[in-house]
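What follows is a short report on a single structure.
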Amino acid sequence: MSWGTELWDQFDNLEKHTQWGIDILEKYIKFVKERTEIELSYAKQLRNLAKKYQPKKNSKEEEEYRYTACKAFLSTLNEMNDYAGQHEVISENMTSNITVELARYVQELKQERKSYFHDGRKAQQHIEICWKQLESSKRRFERDCKEADRAQQYFEKMDADINVTKADVEKARQQAQVRHQMAEDSKADYSSILQKFNHEQHEYYYTHIPNIFQKIQEMEERRIVRIGESMKTYAEVDRQVIPIIGKCLDEIVKAAESIDQKNDSQLVIEAYKSGFEPPGDIEFEDYTQPMKRTVSDNSLSNFRGEGKPELKFGGKSKGKLWPFIKKNKLMSLLTSPHQPPPPPPASASPSAVPNGPQSPKQQKEPLSHRFNEFMVSKPKIHCFRSLKRGLSLKLGATPEDFSNLPPEQRRKKLQQKVDELNKEIQKEMDQRDAITKMKDVYLKNPQMGDPASLDHKLTEVSQNIEKLRLEAQKFEAWLAEVEGRLPARSEQARRQSGMFDAQNPATVNSCAQDRESSPDGSYTEEQSQEGEGKVLATDFDDEFDEEEPLPAIGTCKALYTFEGQNEGTISVAEGETLYVIEEDKGDGWTRIRRNEDEEGYVPTSYVEVYLDKNAKGAKTYI
1420 MSWGTELWDQ FDNLEKHTQW GIDILEKYIK FVKERTEIEL SYAKQLRNLA KKYQPKKNSK
1480 EEEEYRYTAC KAFLSTLNEM NDYAGQHEVI SENMTSNITV ELARYVQELK QERKSYFHDG
1540 RKAQQHIEIC WKQLESSKRR FERDCKEADR AQQYFEKMDA DINVTKADVE KARQQAQVRH
1600 QMAEDSKADY SSILQKFNHE QHEYYYTHIP NIFQKIQEME ERRIVRIGES MKTYAEVDRQ
1660 VIPIIGKCLD EIVKAAESID QKNDSQLVIE AYKSGFEPPG DIEFEDYTQP MKRTVSDNSL
1720 SNFRGEGKPE LKFGGKSKGK LWPFIKKNKL MSLLTSPHQP PPPPPASASP SAVPNGPQSP
1780 KQQKEPLSHR FNEFMVSKPK IHCFRSLKRG LSLKLGATPE DFSNLPPEQR RKKLQQKVDE
1840 LNKEIQKEMD QRDAITKMKD VYLKNPQMGD PASLDHKLTE VSQNIEKLRL EAQKFEAWLA
1900 EVEGRLPARS EQARRQSGMF DAQNPATVNS CAQDRESSPD GSYTEEQSQE GEGKVLATDF
1960 DDEFDEEEPL PAIGTCKALY TFEGQNEGTI SVAEGETLYV IEEDKGDGWT RIRRNEDEEG
2020 YVPTSYVEVY LDKNAKGAKT YI
């Protein structure tokens, strides 16, 4: 059906309809534009959300992302960035493929519509002019006919009147003839204009208007097709990003499936494992027994009297109580800082123990006496280095060897430090190789540069490498000590543990002695932390350069041969007599001295202790 034949008389309505179609198109453009703004806003909000929950650099949050659940969450955040990017792609494609194209098409459509309706109005004006000409000729013809009729009647009247002269009659006759001729002319003109108008009207209704309306119809149909194509493009833009969005969602699902609860549990163990043993049972304290001084509970001197050990409450050895105590002083007194001593040999020499004594169980002093000892004992600072380390701990500084951490955590920190130093060493070595190659190029081609100008830089890099190597050796020695790879720290390793050690040998020796005060290489700093409030830091060098050796509080006889292979222990031969400088405090170890330069720990079950009750420093444990 054609608008030209069916709507030949609906010019004004077609004009209104086509304008409405353009308004619909502009409304759709506005809709798509607002959709693109929403997509951009949504993408921006998604990116801000992902950025908000990203781990901050050099913060504790980065350590948390070792766990698989946190890694999966980080992958989700990264995928959300890609997800947001796809919404930005939707906005860009809709803007370029729909909004911009339709806006240009609307402008062209308006111009085309304007030209068509301009031609239609022009045709209307032409037919209206023709109609006016026809009406004008028709009225003139009518007027002339009436005038000719009146002139003819007047002539006939004059001719019939006998009283009128012949001249008047002739004049009336001539006038009638003139009017009749004018009427004939008007008739001919009217007939000609009428034929012309009919032709123009036929052309207008059957040619011009149909052609114009047909073009308007085609224009309107193109507009409808274009808006339909735009709607398809609207859907295709969304469909194009669906596979990528699907991949983002698949990656999120994959990250979620990669969560390993067992692995996270193992990471918690690695992060917080201290390496200590759990605390043992606390012994029963019998207050019904009279208070009296006894020898060391762990010595074998009680076998000389009755020949059997005295009754003990609680057969299990008490472990460490460090998880419940925070102060270093209290930890050192309430817990056992040593590793369990080895059991005595299965068969002993008859000369050492005539009756074949069994390895006595180690009885420990009650908890309350350790706490009392902590409350009343006078702090004794072994060396300046120990006091300085205790002061740094209280002030919040971390020791260089991480000795403030539990063994397992200390091992991890030392390993991490060694890896960092090795990376720095490799970096410096690469720089040295590059400088060396450049120097060789200068030697072969002097015009490129002076080889001597690189000597200073090469020397500086070599010094840095040597410095880093010494630092790495120091931390490797500490790491080997923690892992038990070294039986004891060498003097060279102790010298590398700090620059001031090499400059102050007396301090190094005394501090090394402190470090040997425990068979497992650990030591406590209770004296330094207790006494730091009473001693000024400026007097450290003068007050702690020399350390008085501990006084002997008795003697002991070796029942078995003991090979002291661990740090802090001392080797003894069967039957050897030595000085006791510190009795067993419940951990199964007794500190002895052979001479001024040799002292250490031996298992209490390997020696028979004879305490001097009047000796200075002797203590009684009940």
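Counting in the numbering used here, the sequence shown runs from 1420 upward without gaps. Idealized CB from N, CA, C, for every residue including glycine. This one's a predicted model, so the numbers in the text were calculated from it and none came from an experiment.
Proximity winner among Lys2004, Asp1563, Tyr1653 and Pro1662, relative to Glu1520 (alpha-carbon distances) = Sequence index remark: in the sequence shown, residue 1520 carries index 101 (1-based). Ranking Lys2004, Asp1563, Tyr1653 and Pro1662 by Cα distance to Glu1520 puts Tyr1653 first.
Name the DSSP bridge partner or partners of Gly1699?
-> By one-based count along the sequence shown, residue 1699 stands at place 280. Beta-bridge pairing links Gly1699 to no other residue.
For Leu1877, collect the residues of the same chain with a Cβ closer than 8 Å to its Cβ; drop the 5 residues on either side in sequence, then sort them by chain order.
-> Taking the first residue of the sequence shown as 1, we reach residue 1877 at position 458. Contacts found: Arg1851, Ile1854, Thr1855 and Lys1858.
Ile1448 - DSSP class collapsed to helix/strand/coil | Taking the sequence shown and counting its residues from 1, one reaches residue 1448 at position 29. In the structure shown, Ile1448 sits in a helix (DSSP, three-state: H, G or I).
Just to confirm, are Thr1988 and Val1999 a CB contact at a threshold of 8 Å?
-> For the purposes of this step, residue 1988 is identified with residue 569 of the sequence shown, where counting begins at 1. For the purposes of this step, residue 1999 is identified with residue 580 of the sequence shown, where counting begins at 1. No. Outside cutoff.
For His1875, does the count of other Cβ atoms within 10 angstroms reach 16, so buried, or fall short, so exposed?
-> By one-based count along the sequence shown, residue 1875 stands at place 456. Under this definition His1875 is an exposed residue.
Under the rule that 16 or more other beta-carbon atoms within 10 Å means buried, what is Lys1842, buried or exposed?
-> For the purposes of this step, residue 1842 is taken as the residue at position 423 of the sequence shown. Lys1842 comes out exposed.
Counting only runs of 3+ residues fully inside the region 1511-1543, write out the beta strand (DSSP E) ranges in chain order.
-> none
Over the uninterrupted alpha helix (DSSP H) stretch that includes Ala1853, give me the two end residues.
-> For the purposes of this step, residue 1853 is taken as the residue at position 434 of the sequence shown. That run of the alpha helix (DSSP H) goes Pro1826 to Lys1863.
For the alpha helix (DSSP H) holding Val1656, just list the boundary residues, first then last.
-> Taking the first residue of the sequence shown as position 1, residue 1656 is located at position 237. Per DSSP, Val1656 belongs to the alpha helix (DSSP H) from Ile1628 to Glu1676.
Chain-order list of residues whose beta-carbon lies under 7 Å from that of Lys1634 (same chain, five-residue window excluded) = Taking the sequence shown and counting its residues from 1, one reaches residue 1634 at position 215. Closer than 7 Å at Cβ, skipping near neighbours: Tyr1535.
Rounded straight-line distance, which links the Cα of Arg1569 to that of Gln1596 | Counting from one through the sequence shown, the residue named residue 1596 turns up at place 177. Counting from one through the sequence shown, the residue named residue 1569 turns up at place 150. Their backbone Cα atoms lie some 11 Å apart in a straight line.
By DSSP, does Tyr1998 sit in helix, in strand, or in coil?
-> On the sequence shown, residue 1998 is found 579 positions in, with the first residue counted as 1. The answer is strand: DSSP assigns Tyr1998 an E or B state.
Rounded C-alpha distance that separates Thr1424 from Asn1630 = Mapped onto the sequence shown, residue 1424 falls at position 5. Mapped onto the sequence shown, residue 1630 falls at position 211. Between Thr1424 and Asn1630, the C-alpha separation is close to 10 Å.
Closer than 8 Å by C-beta to Pro1461: which residues in its own chain qualify, once you throw out the five before and the five after it? Chain order, please.
-> Translated into the one-based positions of the sequence shown, residue 1461 becomes position 42. Looking at the sequence itself, residue 1461 is Tyr, so the reference to Pro does not match. Same-chain partners within the cutoff: Ala1503 and His1506.
I think Ala1977 touches Ile1678, with their Cβ atoms under 8 Å apart; what is that distance to the nearest whole Å?
-> Against the sequence shown, residue 1977 aligns to sequence position 558. Against the sequence shown, residue 1678 aligns to sequence position 259. Contact flag wrong, Cβ pair sits at about 58 Å.
Who are Leu2030's beta bridge partners in DSSP?
-> Your numbering for residue 2030 matches position 611 in the sequence shown. Gly1973, per the DSSP bridge assignment.
For Ile1989, name the three-state secondary structure that DSSP assigns.
-> Numbered from 1 along the sequence shown, position 570 holds the residue referred to as residue 1989. In this structure, Ile1989 counts as coil in the three-state DSSP scheme.
Cβ-based neighbour list, Ile1663, same chain, cut-off 7 Å, excluding 5 preceding and 5 following | Against the sequence shown, residue 1663 aligns to sequence position 244. Gln1505, listed in sequence order.
What residue range is occupied by the uninterrupted alpha helix (DSSP H) comprising Ile2011?
-> Here the question's residue 2011 lines up with position 592 in the sequence shown. Careful: Ile2011 lies outside any alpha helix (DSSP H), inside the beta strand (DSSP E) at Trp2008 to Arg2012.
Opening and closing residue of the alpha helix (DSSP H) in which Gly1423 lies = On the sequence shown, residue 1423 is found 4 positions in, with the first residue counted as 1. Segment Trp1422 to Glu1425, the alpha helix (DSSP H) holding Gly1423.
Give the straight-line distance between the Cα atoms of Lys1831 and Ala1675, rounded to the nearest whole angstrom.
-> One-based indexing of the sequence shown puts residue 1831 at position 412. One-based indexing of the sequence shown puts residue 1675 at position 256. Lys1831 and Ala1675: Cα-Cα distance of roughly 29 Å.
Flag this pair as yes or no: are the beta carbons of Ser1515 and Glu1458 separated by less than 8 Å?
-> In the sequence shown, the residue the question calls residue 1515 occupies position 96. In the sequence shown, the residue the question calls residue 1458 occupies position 39. It is not a contact, given that the beta carbons lie outside the stated cut-off.
Less than 8 Å between the CB atoms is what I'm expecting for Glu1839 and Ile1884, so what's the real figure, rounded?
-> On the sequence shown, position 420 is the one that residue 1839 refers to. On the sequence shown, position 465 is the one that residue 1884 refers to. Actually they are not in contact, since the Cβ atoms of Glu1839 and Ile1884 sit about 15 Å apart, beyond 8 Å.
C-alpha distance - Val2021 paired with Glu1900, whole-angstrom precision | One-based indexing of the sequence shown puts residue 2021 at position 602. One-based indexing of the sequence shown puts residue 1900 at position 481. Rounded to whole angstroms, Val2021 to Glu1900 spans 20 Å at the Cα level.
Between the CA atoms of Pro1825 and Gln1946 - distance to the nearest angstrom = Against the sequence shown, residue 1946 aligns to sequence position 527. Against the sequence shown, residue 1825 aligns to sequence position 406. A caution first: Gln1946 carries a pLDDT of 40, below 50, which makes its placement in the model unreliable, though a value can still be read off. So the two alpha carbons sit approximately 20 Å from each other.
What residues in its chain sit with their C-beta under 8 Å from that of Gly1496, if we drop five residues either side in the sequence?
-> In the sequence shown, the residue the question calls residue 1496 occupies position 77. It is worth fixing the name first, because residue 1496 is Leu in this sequence and not Gly. Here the set comprises Ala1469, Tyr1472 and Gln1473.
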